[in-house]
């Protein structure tokens, strides 16, 4: 399962040059609003992906320790389903707020200030109050669920 999780690191490695360009230009963004939106979208996704992947690894290790013989029956399909869900949930969450217009004009999810040439991510209240509990408390509930069932 760990090799599937390493894909997140590859995505993060592809985002790094965008942050380096900004830092070498003294914090000024010179790549335009589309690149800013893409960078902020994938930056938010990778943060949520990290939490999801750590939970997947924790459940995998828990099952390996608690039920060592059962863990051998877990197939590649199980690993793909877990990692697929770990990728799908953050991507859908970030895309829903961006594509479904669940934000107000003054509180845009991604804010690229053209006049100041900066690229920053500003969360609106709906985004924050929905995603913070979902990605902070749901991993705890997920791990608690696995520990109480065994």
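Numbering (the numbering used here), first residue to last: 197 to 346. Yeah, the Cβ is synthetic: ideal placement off N, Cα and C, and Gly gets one too.
Taking 7 Å as the cut-off, the beta carbon of residue 335 is found closer than this to the beta carbon of residue 251. Around the beta carbon of residue 286, 16 or more other beta carbons lie within 10 angstroms, which makes this residue buried. Beta-bridge analysis with DSSP links residue 233 to no other residue. The three-state reading of DSSP puts residue 316 in strand, counting E and B together. From the listed residues 345, 256 and 317, the smallest Cα separation to residue 269 is found for 256. Spanning the alpha carbons of residue 232 and residue 217 requires a straight line of approximately 12 Å.
With respect to residue 240, residue 291 sits apart: the two C-beta atoms are not nearer than 7 Å.
Looking from the CA of residue 322, the closest CA among 341, 294, 258 and 340 belongs to 294. A direct Cα-Cα distance of roughly 14 Å separates residue 249 from residue 258. Under the three-state reduction of DSSP, residue 338 is assigned to helix. Secondary structure at residue 262: helix, using DSSP grouped into helix, strand and coil. Take residue 254, set aside five residues on each side of it, and the residues of its chain with a beta-carbon closer than 8 Å to its own are 339, in chain order. Burial is judged here by how many other beta carbons sit within 10 angstroms of a residue's own beta carbon; residue 271 has fewer than 16 and is exposed.
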